[in-house]
Each structure stands twice: as C-alpha cells, then as structure tokens.
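What follows is one structure encoded as structure tokens, with my remarks underneath.
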Amino acid sequence: MVLMETDTIECAIDNDEIHLNNNNNKFSSTKSQGGATVVISPATSVHELLECPVCTNSMYPPIHQCHNGHTLCSTCKTRVNNRCPTCRQELGDIRCLALEKVAESLELPCKFYNLGCPEIFPYYSKLKHESLCNFRPFSCPYAGSDCPVVGDNTFLVAHLRDDHKVDMHTGCTFNHRYVKSNPREVENATWMLTVFHCFGQYFCLHFEAFQLGMAPVYMAFLRFMGDEEDARNYTYSLEVGGSGRKLTWEGTPRSIRDSHRKVRDSHDGLIIQRNMALFFSGGERKELKLRVTGRIWKEQQGPDSGVCIPNLSL
Amino acid sequence: MISGEVEPRITDLQIQSRVHELLDLPVCTNQMSSAIYHYQCPNEHTQELNNENTKKKPYNCPHSGSKCDGTGDIPWLLLHLRNDHNVEMHDGRSFSHRYVHHNPKHLHHATRMLTLLDCFGRQFCLYFEAFHLRKTPMYIAFVQFMGDEEEAMCFSYSLEVGGNGRKLTWQGVPRSIRDSHKTVRDSQDGLIITRKLALLFSSDNNSNKELKLKVSGRVWREQ
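So the sequences go chain by chain: A and B.
Residues in the first sequence are numbered from 70 upward in steps of one, following our numbering.
Residues in the second sequence are numbered from 31 upward in steps of one, following our numbering.
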C-alpha cells in the first residue's frame with residue numbers, strides 16, 4: 070500500500086464516538102440506516118469546516134474569509150489574486166478568528182489510527198504528534214533526491230529494489246570494493262546504497278564521497294530499517310586497510326527515521342580522507358579501489374564502564 | 031589484498047605526502063623541513079643496530095611545539111624532552127589517556143600533546159593534536175618511533191577512541207622521528223577524527239559539549 074504524505078480528512082464514522090472536551094452535543098445528528106445507528110460526531114462537522122475549499126488541507130491560523138464568509142487557508146490566499154474562489158467576490162483581509170478558536174476545542178485521532186496509533190490530540194498539537202508518531206510509515210531511505218514514497222519496510226524494500234535498482238544481499242557480512250577511475254571527480258556527492266537482509270531485518274549500507282568542509286572524504290555507514298529503539302539491538306563494524314595499516318569502525322546502526330543526510334553530517338560512521346583511501350587502494354594511487362569489509366551482529370552497545378584513566382588537559 | 035598488486039613501501043607514503051602538497055590536496059601549506067633519510071646498505075645498518083657507540087646522524091627534537099633546535103642521539107633527546115619540555119614518560123606497551131578540554135570549540139590554533147612510551151627497550155612518541163584540515167576542526171593521534179625507519183618497521187601500534195556506543199580503531203606502523211611530526215600529521219598517517227565525532231564520543235554522561243576523549247592503545251613487535 071502506497072501512502073502519499075498529504076493531510077487528508079478522515080471521516081470518523083464508526084462505532085466509537087469521538088468525545089469532545091466540552092458540551093457541543095447540540096450539533097450532533099444521528100441517522101438510522103437499516104437498523105444500525107450511525108453517529109456523525111460534532112468533531113467531524115467542525116473538522117470539515119476546517120478543511121480549505123481549495124487545497125483540502127487542514128487550515129491553521131491565520132484563517133481567512135471573504136465578505137460572504139467563505140473561508141480560505143493562508144497558503145491559498147496568496148494564490149487567488151484577491152478573489153474568493155467560492156464566490157468570486159473581492160477577498161480583502163478578513164480573519165476568521167472565531168473558527169480558529171473553535172478549533173482549539175476540537176480533539177481528533179492521529180491520522181495513523183489505521184496503522185495502530187490509539188492516541189487522540191487537540192487540533193493544534195495533532196500535526197506535531199503525527200510528525201513523530203511511532204506508527205507513521207517510513208520514508209524511502211534512498212539517498213540523493215528526496216524520494217517522497219512512504220510505506221512499511223516490506224513495501225520499501227521492494228520499492229528500493231524495483232524502482233531505485235538497489236542491490237539486495239542476504240547475510241550479515243559484506244566485502245565490497247568501491248571503484249572509481251577518476252576519484253578527483255567528487256564535485257557533487259555521489260553515493261551507493263546496498264540493502265542487507267539478516268536477523269529477519271533490513272539494513273541500508275551507505276557509501277559516499279563528499280566534501281567535508283573543503284576536504285574530499287569517503288564515508289560508509291549503516292542504517293536500520295525500523296525505529297531507533299529496535300536499531301539499538303544491533304551493532305556493526307566496517308574496516309578498510311592496506312600496507313600495514315587498518316581503520317575499523319564499530320557502532321550502532323541509525324534508524325532510517327534519521328535522514329541519510331542527517332547521519333552523514335553527524336559523522337556517525339567510517340570516514341576516510343581521500344588520500345588515505347587512495348593509499349589503501351594500492352597500485353598507482355590514482356584510482357580508487359577501496360575494499361570495505363564489515364559485519365552486523367546482534368548486540369546492544371552499553372555505556373563504557375568507568376575505568377580510572379588519567380586525564381590530560383589540552 | 032587483491033592479488034597481483036604491490037604493497038607500497040612506507041617511503042612511498044612519505045613521498046606521496048610531498049606530492050600531495052604540490053597537487054593542493056588537503057594538507058597545510060607550511061614547508062616541511064625534514065628530509066627523508068635513506069640507508070646506503072643494509073649491512074651497514076645491521077652494524078649500527080648492534081653497536082651501541084654508533085655514529086648515526088643526530089635526531090631533531092621531536093617536540094614540535096616550541097620549534098626547538100635541539101639535536102642529539104636518543105639518550106640525549108630523552109633527557110632533553112624530560113628536563114626542557116616536561117614530557118612525561120610511561121613504562122609499558124599499552125596506554126590509556128583521556129584528553130579533556132572544557133571548550134573544544136575555542137581551540138582555534140593547533141594544540142598538541144606529546145607523551146613518551148618506553149617498551150621493548152625502545153622509546154616511542156605518542157602525539158595527540160587538535161588542528162584544522164581545510165577549515166574543518168579535527169583531532170589526530172599517532173605514534174612515532176625514536177629511531178630509524180628500518181627499526182620502526184619492526185613494530186606496529188593500535189589506537190582506539192570511543193564512547194557513546196561507538197569505537198574507532200587505527201592500526202599502523204610507527205613512523206621514524208626522522209620524519210617531522212608535521213610530515214606525519216599532514217600525511218594523515220594516524221587515527222584522525224572530526225571534532226564533531228570526537229564530541230559524539232564524549233557525550234556519554236556529558237551534556238556540556240566538553241571534549242572528554244578516551245584514547246587507548248598498544249605497541250607490539252611484528253616479527
């Protein structure tokens with residue numbers, strides 16, 4: 070199932086009534102349909118009033134109206150050339166404060182209720198919760214242009230494989246050789262993504278070249294397709310080396326809830342300066358032929374034990 | 031190792047860092063003052079290792095902070111470092127230090143610390159330095175051998191930093207102190223991390239954005 074991230078209005082007609090926190094019962098209406106009673110709750114009516122007639126998104130302050138009382142969200146107001154889209158009259162600058170205040174008393178279920186979220190929020194804090202809701206679908210972890218596709222992990226893995234042509238591997242160890250014939254061509258960041266399937270989970274191994282300040286570097290790091298809490302059950306290591314030298318990174322995979330760019334910019338992974346990467350590549354050191362090995366295993370990283378070590382002040 | 035490829039010799043790395051200067055790769059633009067010393071004949075070198083009263087070229091003082099001009103043999107340098115530069119010497123082949131700084135973001139100039147290690151009947155220099163690599167604040171740690179390159183290659187060392195569930199380990203070959211500290215630093219032949227990562231390591235029980243970097247390591251003989 071593909072969900073696109075737009076704020077849609079749910080019509081909450083089901084057996085559970087949505088209770089308002091004050092007594093607006095005089096607005097409720099009931100209909101009988103063949104013996105079953107369907108309740109259209111007050112929340113639904115007010116919530117429908119808060120839907121912009123143009124873009125159908127939920128409206129947030131400042132909410133505007135025309136002389137005839139037709140409402141409009143502030144985003145659409147900038148695009149209608151001062152004409153009310155409902156009645157074509159001149160728009161002006163009237164604010165619909167009453168509707169904004171009524172919205173304060175509205176409580177609605179999280180839009181991910183159908184994915185399992187049981188929580189109910191006031192209108193004005195619902196959006197913030199939804200951006201952090203643990204039941205919200207995952208975003209496509211593909212690096213580069215921000216792919217808008219969302220879904221559960223099974224769906225996203227198929228999407229990565231079929232739409233982004235990402236390599237899929239089964240197993241928890243890897244041994245990759247990254248080759249680039251002209252490594253000086255790193256003006257724009259380039260990246261590679263491989264997906265690993267092990268322990269019943271999916272992991273994204275990222276490798277990329279970018280500029281750290283003004284120095285060209287390569288970075289490799291692992292992300293976990295799932296939430297941070299579950300990511301902490303795993304540990305991974307990455308290693309590069311050659312000519313009597315070896316660099317090894319060990320860490321906890323980041324959740325794909327953290328964007329690829331955020332993890333990259335936190336330096337939370339194996340970073341190698343380009344000339345060291347070229348040194349490890351051997352040969353003439355004009356070509357990048359970097360062998361990166363690594364593995365994933367099930368282990369929680371605890372905090373370091375408090376061993377007594379002398380302090381040296383800089 | 032990919033079969034058929036030749037492993038570059040250590041001197042290639044040294045030369046490479048000079049070539050990098052010319053090609054404007056990320057190294058500092060200061061002129062390197064030390065030359066690369068070559069041996070003429072392995073036999074001669076073997077004699078030098080066995081002979082305590084050898085007439086080798088004197089070494090430059092490895093304490094690079096004060097642009098010291100001191101030169102001498104190893105025993106002289108050890109006294110000089112202790113008495114004139116207050117450098118500490120640690121016995122043993124493994125070590126563990128914690129580098130602290132209350133305001134790491136205020137370290138605008140390069141700051142370095144030197145500690146000596148005494149093991150296997152020899153001495154090693156352990157450097158830890160804060161510097162900027164093309165405007166990005168970094169830390170580097172590496173070991174140099176107080177002696178010549180031929181003997182340095184008999185040893186290996188490892189350095190480990192970590193914290194907050196993460197660990198970075200470097201394993202390398204100590205460079206001879208015939209190479210200046212700056213040469214080794216600029217060739218990045220050591221454990222090198224960004225300040226951002228160092229602060230990530232430091233953030234165990236530390237909300238103050240202080241640097242509290244634990245660096246541990248050991249030296250061992252390869253043959």
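For each residue, glycine too, the CB sits at the ideal point set by N, CA and C.
| request: Would you mind sorting B:R225 into buried or exposed? The rule is 16 or more other CB atoms within 10 Å of its CB. | output: buried
| Residues from the region 200–217 of chain B in contact with chain A, defined by Cβ distance under 7 angstroms | W200, Q201, G202 and V203
| request: Output the boundary residues of the alpha helix (DSSP H) element that contains A:L196. | output: It spans Y192 to L201 - the alpha helix (DSSP H) in which A:L196 sits, taken as one unbroken run.
| task | Give the DSSP-derived three-state secondary structure of A:L229 in the structure shown. | result | helix
| task | Would you mind sorting A:E49 into buried or exposed? The rule is 16 or more other CB atoms within 10 Å of its CB. | result | Because chain A here runs from 70 to 383, residue 49 of chain A falls outside it and cannot be looked at.
| message | Taking contact to mean 3 or more Cβ pairs, one atom from each stretch, closer than 8 angstroms, check whether the region 274–282 of chain A and the region 162–171 of chain B are in contact. | response | yes
| query | Could one say the Cβ of A:H336 lies closer than 8 angstroms to chain B's Cβ atoms, at least one of them? | reply | yes
| message | Suppose you measure from the CA of B:R142 to the CA of B:V191; what does that come to, to the nearest Å? | response | 17 angstroms
| query | By how many angstroms is the C-alpha of A:R326 removed from the C-alpha of A:L357? | reply | 31 angstroms
| Per-residue contacts from A:R314 into chain B (C-beta, under 8 angstroms) | Contacts between A:R314 and chain B, judged by CB atoms closer than 8 angstroms, involve W200, Q201, G202, V203 and D219 in chain order.
| field | Three-way DSSP call (helix, strand, coil) for A:Y287 in this model | value | strand
| task | Return the CA-CA distance between A:C273 and A:L291, expressed in angstroms with no decimal places. | result | Rounded to the nearest angstrom, the two C-alpha atoms are 6 angstroms apart.
| Residues of chain B with a CB under 9 angstroms from the CB of A:E298: which are they? | Simply none; closest approach about 14 angstroms.
| message | At the 8 angstroms Cβ level, is A:L281 part of the contact set with chain B, yes or no? | response | yes
| Segment limits, beta strand (DSSP E) that includes A:V218 | First-last for A:V218: undefined, no H or E at that position.
| Could you give the distance in angstroms between the alpha-carbon of A:W366 and the alpha-carbon of B:L107? | The straight-line gap from Cα to Cα measures roughly 48 angstroms.
| message | For the alpha helix (DSSP H) containing B:P231, name the first residue and the last one. | response | In the sequence as presented, Pro is not what sits at residue 231 of chain B; that position holds Phe. Its alpha helix (DSSP H) spans residues R225 to S232.
| For B:E159, does the count of other Cβ atoms within 10 angstroms reach 16, so buried, or fall short, so exposed? | buried
| task | Determine which residues share a DSSP beta bridge with A:S306 and list them. | result | A:E319 and A:R364
| Roughly how many angstroms separate the alpha carbons of B:L243 and B:A171, rounded to a whole number? | 11 angstroms
| request: Note down the Cα distance separating A:C156 from A:H116, rounded to an integer number of angstroms. | output: Computed Cα separation, rounded: 22 angstroms.
| Nearest-angstrom Cα distance between B:L221 and B:Q174? | C-alpha of B:L221 to C-alpha of B:Q174: approximately 13 angstroms in a straight line.
| query | B:G195 touches chain A at which residues, Cβ-Cβ below 7 angstroms? | reply | G320, T321 and Q370
| query | Quick one, are the C-beta atoms of B:R196 and A:E319 less than 8 angstroms apart? | reply | At a Cβ-Cβ threshold of 8 angstroms, B:R196 and A:E319 count as neighbours.
| query | Do you know whose CA, among B:N133, B:R152, B:L163 and B:H115, lies nearest B:D121's CA? | reply | B:R152
| Does DSSP classify A:V332 as helix, strand or coil? | helix
| task | Please work out which residues of its chain come closer than 7 angstroms, Cβ to Cβ, to B:C71, disregarding the five sequence neighbours upstream and downstream, and give them in chain order. | result | Because the pLDDT at B:C71 is just 38, under 50, the model does not fix this residue reliably, and the point stays unresolved.
| Using a Cβ-Cβ distance under 8 angstroms, would A:M288 count as near chain B? | With respect to chain B, the C-beta atom of A:M288 has no partner C-beta closer than 8 angstroms.
| query | Which same chain residues, not among the five before or five after A:F349, have their C-beta less than 7 angstroms away from its C-beta? | reply | V309, G310, G311 and L359
| said: To the nearest angstrom, how far is the alpha carbon of A:Y218 from that of A:H133? | reply: At residue 218 of chain A the sequence reads Val, which differs from the Tyr that was named. One C-alpha to the other measures close to 32 angstroms.
| task | Report the rounded CA-to-CA distance for A:S335 versus A:C153, giving the unit in angstroms. | result | Using only the alpha carbons, I get a separation of about 47 angstroms.
| said: Please state the DSSP three-state secondary structure of B:Y89. | reply: strand
| Within chain A, partners of B:R164 - CB distance below 7 angstroms | G282, M283 and A284
| Bridge partner(s) assigned by DSSP for B:W200 | A:L316 and B:L189
| Near A:Q158, which residues of its chain fall below 8 angstroms by C-beta distance, leaving aside the five closest residues on each side in sequence? | C135, H136, N137 and R152
| Between B:D178 and A:E353, what straight-line distance do the alpha-carbon atoms span, to the nearest angstrom? | Rounded to the nearest whole angstrom, the CA to CA distance from B:D178 to A:E353 is 26 angstroms.
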